[in-house]
Amino acid sequence: MALSIGIGGVSRAGKTTLATYIKDLYPNKKTHIISMDDYVHEPDKIPRIKDRIDWETPASVDYERLKKEIEEAKKKYDLVITEGILIFYSEEVNKLFDKRIFIDIPKSLFYIRRRNDTRWGKEPRWYIDYVWESYLKYGRLQDPASDTLYIKGDQPYSALLIDEYLYKVA
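Going by the working numbering, the letters in the sequence shown line up with residues 202 to 371, in that order.
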């Protein structure tokens with residue numbers, strides 16, 4: 202039976218880096234990493250904000266297709282890691298995770314990382330502010346008291362802490 206992990210946090214917090222780190226911690230496990238970024242709707246079906254596509258809203262994500270991918274991956278792999286800024290928004294998707302990891306970074310670090318990320322060209326300050334506000338609105342855990350490992354994204358990861366959380370015996 203696969204262990205399914207959801208990793209959430211604001212843009213540029215280190216979700217993909219952590220997913221790869223966890224995969225590397227368990228080289229003997231057949232692991233599949235799913236990026237929520239690969240499960241967005243076509244751009245013409247996504248709302249716009251001013252002159253930009255609004256990637257930061259739940260309406261941009263095809264949660265049904267993402268849910269099916271996670272369900273199928275759980276049948277084929279030992280470890281399924283799904284990461285994304287809005288990963289915990291959908292209750293149906295959230296229910297598929299056995300474990301949840303939330304990466305937190307300070308707003309100041311988010312701004313620096315996002316400003317330095319030029320994959321989509323230079324982003325205006327208002328849009329970077331909007332990304333942060335959307336994260337606060339949609340990207341947080343619905344049930345913050347749930348069994349979740351909180352990690353500071355501005356500090357090195359602890360293999361021991363992660364291993365104990367993922368595979369602790371109750």
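All C-beta atoms, glycine included, are put in the ideal place defined by N, C-alpha and C.
Next on the checklist: Beta-carbon within less than 6 Å of D355's beta-carbon, same chain only, minus the 5 sequence neighbours each way: which residues are those?
Outcome noted: Numbered from its first residue, the sequence shown carries residue 355 at position 154. Taken in chain order, the residues that qualify are I306 and L310.
Item to check | DSSP beta-bridge partners of L350 | outcome: Position 149 of the sequence shown, counting from 1, holds the residue named residue 350. DSSP lists I302 as partners of L350.
Next on the checklist: Need the endpoints of the beta strand (DSSP E) that V294 sits in, please.
Outcome noted: Here the question's residue 294 lines up with position 93 in the sequence shown. Not the beta strand (DSSP E): V294 falls in the alpha helix (DSSP H), residues E292 to N295.
Next on the checklist: Please classify W256 as buried or exposed, where buried requires at least 16 other C-beta atoms within 10 Å of its C-beta.
Outcome noted: Within the sequence shown, residue 256 is the residue found at index 55, counting from 1. W256 should be labelled buried.
Checklist entry - Which value, in whole angstroms, describes the spacing of the CA atoms of Y366 and T349? => result By 1-based counting over the sequence shown, the position of residue 366 is 165. By 1-based counting over the sequence shown, the position of residue 349 is 148. For Y366 and T349, the distance between alpha carbons rounds to 9 Å.
Item to check | Spatial neighbours of R213 in its chain, beta-carbon cut-off 7 Å, leaving aside the 5 residues before and after | outcome: For this step, residue 213 is matched to residue 12 along the sequence shown. Counting only Cβ-Cβ distances below 7 Å, and skipping sequence neighbours, we find F311, R314, R315 and D318.
Checklist entry - Can you list, in chain order, the stretches of the alpha helix (DSSP H) that have 4 or more residues and sit fully within the stretch 302-341? => result 308-317 and 326-335
Checklist entry - Just checking, does the stretch 227-239 make contact with the stretch 317-334 on the three C-beta pairs under 8 Å criterion? => result no
Checklist entry - Are I206 and K300 touching if we call contact CB-CB under 8 Å? => result As a working note, residue 206 is residue 5 in the sequence shown. As a working note, residue 300 is residue 99 in the sequence shown. Yes, these two residues count as a Cβ contact at 8 Å.
Checklist entry - If you draw a straight line from the C-alpha of I250 to the C-alpha of L337, how long is it? => result Translated into positions along the sequence shown, residue 250 becomes position 49. Translated into positions along the sequence shown, residue 337 becomes position 136. Between I250 and L337, the C-alpha separation is close to 17 Å.
Checklist entry - Taking buried to mean at least 16 other C-beta atoms within 10 Å of its own C-beta, is D225 buried or exposed? => result For the purposes of this step, residue 225 is identified with residue 24 of the sequence shown, where counting begins at 1. Exposed, because fewer than 16 other Cβ atoms sit within 10 Å of the Cβ of D225.
Checklist entry - For the alpha helix (DSSP H) that L267 lies in, which residues bound it at each end? => result Numbered from its first residue, the sequence shown carries residue 267 at position 66. That run of the alpha helix (DSSP H) goes Y264 to K277.
Checklist entry - Out of curiosity, what's the CA-to-CA distance linking T283 and N229? => result Taking the sequence shown and counting its residues from 1, one reaches residue 283 at position 82. Taking the sequence shown and counting its residues from 1, one reaches residue 229 at position 28. Roughly 19 Å between the two C-alpha positions.
Next on the checklist: Buried or exposed for S347, going by 16 or more other Cβ atoms inside 10 Å?
Outcome noted: As a working mapping, residue 347 is identified with position 146 in the sequence shown. Flag for S347 reads exposed.
Checklist entry - Are the beta-carbon atoms of L280 and L204 separated by less than 8 Å? => result Here residue 280 refers to the residue found at position 79 when the sequence shown is read from its first residue. Here residue 204 refers to the residue found at position 3 when the sequence shown is read from its first residue. For L280 and L204, yes; Cβs fall inside 8 Å.
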